[in-house]
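**Q**
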Amino acid sequence: MSGAAPGGREGVIPMLGRMIFYTGAESSALREAVFGVMLLVSHADPGPVIQERYAGLQALKNLSPDLRNALHSSRVDLSGIPEAELEERVVEALRQSARILATKSPADAATFPDAVEAICHQVAEADGQVGEAEQAVIGRIRAALAG
Numbered sequence: 035m036s037g038a039a040p041g042g043r044e045g046v047i048p049m050l051g052r053m054i055f056y057t058g059a060e061s062s063a064l065r066e067a068v069f070g071v072m073l074l075v076s077h078a079d080p081g082p083v084i085q086e087r088y089a090g091l092q093a094l095k096n097l098s099p100d101l102r103n104a105l106h107s108s109r110v111d112l113s114g115i116p117e118a119e120l121e122e123r124v125v126e127a128l129r130q131s132a133r134i135l136a137t138k139s140p141a142d143a144a145t146f147p148d149a150v151e152a153i154c155h156q157v158a159e160a161d162g163q164v165g166e167a168e169q170a171v172i173g174r175i176r177a178a179l180a181g
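Residues 35 to 181 in our numbering are what the sequence shown spells out, letter by letter.
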């Protein structure tokens with residue numbers, strides 16, 4: 035059962051005594067948004083890929099446990115997306131994710147922008163410095179999250 039959430043159903047996560055169901059499309063948007071920002075920041079100023087990946091995964095602690103469970107319900111593959119289209123796709127996934135969370139989990143919706151920005155900063159700082167290109171990408175991500 036690869037990628038299944040606890041209990042065997044993708045996208046079903048316990049939250050404060052109740053279950054939140056994220057459809058396959060909703061789970062996919064959440065994964066594209068979160069893992070996509072890691073990729074955008076990492077690609078902005080190429081550095082030590084392994085350190086950046088590790089920093090991004092460690093930074094997931096900024097998200098709620100419920101949201102982390104949804105992200106890990108299956109894999110996301112952004113490798114086939116041309117670099118020119120990647121940012122547009124991730125920005126749209128961020129906006130979609132904000133709408134999904136506002137409907138399904140207002141508590142996560144309230145903390146999502148700050149958590150995503152923290153993830154971006156941790157990836158950018160993985161090599162000990164934040165470059166101008168990384169700052170610019172983080173600024174565009176912040177703007178997308180603001181609406």
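The beta carbon of each residue, even a glycine, is placed where N, CA and C say it ideally should be.
Under 8 Å, do ILE134 and ALA78 count as touching if we go by C-beta distance?
**A** no
**Q** Determine, using beta carbons only, whether GLU66 and SER76 come nearer to each other than 8 Å.
**A** no
**Q** Less than 8 Å separating the beta-carbons of LEU179 and VAL150?
**A** The answer is yes: Cβ separation under 8 Å.
**Q** Could you compute how far the alpha carbon of PHE55 sits from the alpha carbon of ALA160?
**A** 34 Å
**Q** Give the list of continuous alpha helix (DSSP H) stretches no shorter than 4 residues that lie fully inside the region 59-126.
**A** 83-93, 99-105
**Q** Rounded to whole angstroms, what is the Cα-Cα separation between GLY181 and GLY165?
**A** 25 Å
**Q** Quick one: what's got a C-beta closer than 7 Å to ARG102's C-beta in the same chain, skipping five residues either side?
**A** Only residues of its own chain outside the window of five on either side were considered, and among them LEU94 have a CB closer than 7 Å to the CB of ARG102, listed in chain order.
**Q** Can you tell me the Cα-Cα spacing of ASP142 and VAL68, whole angstroms?
**A** 13 Å
**Q** So, using beta-carbon positions, are LEU128 and ILE175 closer together than 8 Å?
**A** yes
**Q** Rounded to whole angstroms, what's the CA-CA distance from GLN130 to ALA136? Just pull it up for me.
**A** 10 Å
**Q** To the nearest angstrom, how far is it from the Cα of ILE115 to the Cα of GLY90?
**A** 20 Å
**Q** When the distance is taken between beta carbons, is SER107 closer than 8 Å to THR145?
**A** no
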